[in-house]
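K.L.:
First residue of the sequence shown? That's 1016 in the working numbering, and the numbers climb one at a time after it.
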Amino acid sequence: MSQRRRVARAAFSATAATACLALATPAWASATIGLKSAQQGKKAGYFTQQCDDERFANLPDDHDGWHFVLPGKNSGSFESLTLTFSDGTNDVTVNIPDGADAYPDFFYSTGGKDPRQIHAYLFTPAGWKLVDGSATISGTGDDFNVSHTCKGTVPKPTPTPTPTPSVSQSPQPSESPSASESPEPSESPSASESPSASESPTPSDSASPTTSPSGGTGGGSDLPLTGVAVTGMALTGVALIGGGVALMTLRRRRDRITFTG
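(1) Within 10 Å of its beta-carbon, does Thr1264 have 16 or more other beta-carbons around it, so buried, or fewer, so exposed?
(2) Since Trp1081 is in the beta strand (DSSP E), which residue starts that stretch and which ends it?
(3) Report yes if the C-beta distance between Tyr1118 and Thr1139 is below 8 Å; otherwise report no.
(4) Using only CA atoms, which one of Arg1267, Val1169, Ile1133, Thr1099 lies nearest to Ser1153?
(5) Are three or more beta carbon pairs between the region 1070-1086 and the region 1154-1161 nearer than 8 Å?
(6) Ignore the nearest five residues each way along the sequence and tell me which others in His1078's own chain have a CB closer than 8 Å to its CB.
(7) With 16 as the cutoff for other CB atoms within 10 Å, does Phe1106 come out buried or exposed?
(8) When DSSP labels each residue in this structure, what does Lys1058 get in the three-state scheme?
(9) Looking only at its chain, what residues have a beta carbon closer than 6 Å to the beta carbon of Arg1131, apart from the 5 residues adjacent to it on each side?
(10) Write down the C-beta distance between Phe1062 and Thr1164 rounded to the nearest angstrom, noting that I regard them as a contact closer than 8 Å.
(11) Taking the alpha carbon of Val1109 as the reference point, which residue from Gly1127, Ala1135, Asp1129 has its own alpha carbon closest?
(12) Which same chain residues end up closer than 6 Å to Thr1099 when comparing Cβ atoms and leaving out the 5 residues on each side of it in sequence?
(13) Over the uninterrupted beta strand (DSSP E) stretch that includes Lys1144, give me the two end residues.
(14) Leaving out the 5 sequence neighbours to the left and right, which residues in its chain are closer than 6 Å to Lys1058 when beta-carbon positions are compared?
(15) Closest to Ile1048 by C-alpha separation, out of Trp1081, Asp1076, Ser1090, would be which residue?
(16) Looking only at its own chain, which residues have a Cβ that is under 8 Å from the Cβ of Lys1051, when we skip the five neighbours before and after it?
(17) Which one of Ala1046, Met1248, Arg1266, Pro1170 has the shortest CA to CA distance from Pro1075?
(18) Is the CB-CB distance between Ser1149 and Glu1094 below 8 Å?
(19) Which first and last residues belong to the beta strand (DSSP E) in which Val1107 is found?
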């Protein structure tokens, strides 16, 4: 009898252990679910705005704040999320949790006796589009979704005015025509005023007549005689002087004559 009891006890223990494993298996299993399809390809401005969420307190102005939630009682908790965003040019993959990238993120748990990690927060540069995502959870579920967001301000691209001035200044070399002001040297025609030097014949003309009469060789030159001859002027002067001397002599003689009555 004792042997039968031992066999029965062993069989009962194995059955109990199997039952315990069967009950515990769902708690150890993980599942992968996707982002709600209606929310794929949307920017932060599409969702409900709730910037007064205290967990957005440190959100920079040029970043979007995202709050993801895991619905359902049997979904368990978030273990990790993999999200794909588009920055307008390229797709960017962001993992939660990941403290090594440039995008702040963290999980937030519910309180109470049976806390669950069903909230996930992420900050991305403003204007990014949520393309798709997946999540690994500790329970079972269909999908996870965006609860609300806080839209940031997309920084305006800074203008680059440098090319504009550089192009406008290029015409300056064309100012080389100013060098064409070289026509100033063309004022060399002023040098053509040298004809004024040709006026030198004037003094030479005046000298030639004076010399020819003084030599008395007027007939040897074909140049015309102008004005009064120098010889005639000299003779006139001599005559005047002689007349003056004669008058003086007569006057003295007259003064010497004594009249007697």
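In this text, a Cβ means the ideal position worked out from N, Cα and C, and glycines have one as well.
Computed from a predicted structure; not experimentally measured.
P.N.:
Concretely, from the data shown:
(1) It counts as exposed.
(2) 1078-1084 is the extent of the beta strand (DSSP E) around Trp1081.
(3) For the pair Tyr1118 and Thr1139, the CB atoms are nearer than the 8 Å cut-off.
(4) Closest in C-alpha terms to Ser1153, from the list Arg1267, Val1169, Ile1133, Thr1099, comes Ile1133.
(5) Yes, the region 1070-1086 touches the region 1154-1161.
(6) If we look at His1078 and ignore the five residues flanking it on each side, its Cβ neighbours are Phe1138, Thr1139, Pro1140, Ala1141, Gly1167.
(7) Residue identity check: residue 1106 is Asp in the sequence provided, not Phe. Asp1106 comes out exposed.
(8) Looking at Lys1058 - three-state DSSP - the assignment turns out to be strand.
(9) So the qualifying residues of the chain are Ser1092, Thr1125.
(10) Correct: roughly 4 Å between the Cβ atoms.
(11) Considering only alpha carbons, the answer is Ala1135.
(12) Answer for Thr1099: Asp1106, Thr1108, Val1146, Asp1147, listed in chain order.
(13) Unbroken beta strand (DSSP E) run through Lys1144: 1144-1152.
(14) Taking Lys1058 as the centre and dropping the five residues before and after it, the same chain places the C-beta of Lys1144 closer than 6 Å to its C-beta, in chain order.
(15) Cα-wise, what sits closest to Ile1048 is Ser1090.
(16) Cβ neighbours of Lys1051 beyond the five flanking positions: Asp1158, Phe1159, Asn1160, Val1161.
(17) Ranking the options by Cα distance to Pro1075, first place goes to Pro1170.
(18) Remark: C-beta atoms of Ser1149 and Glu1094 do not approach each other more closely than 8 Å.
(19) For Val1107, the enclosing beta strand (DSSP E) has its first and last residue at 1106-1111.
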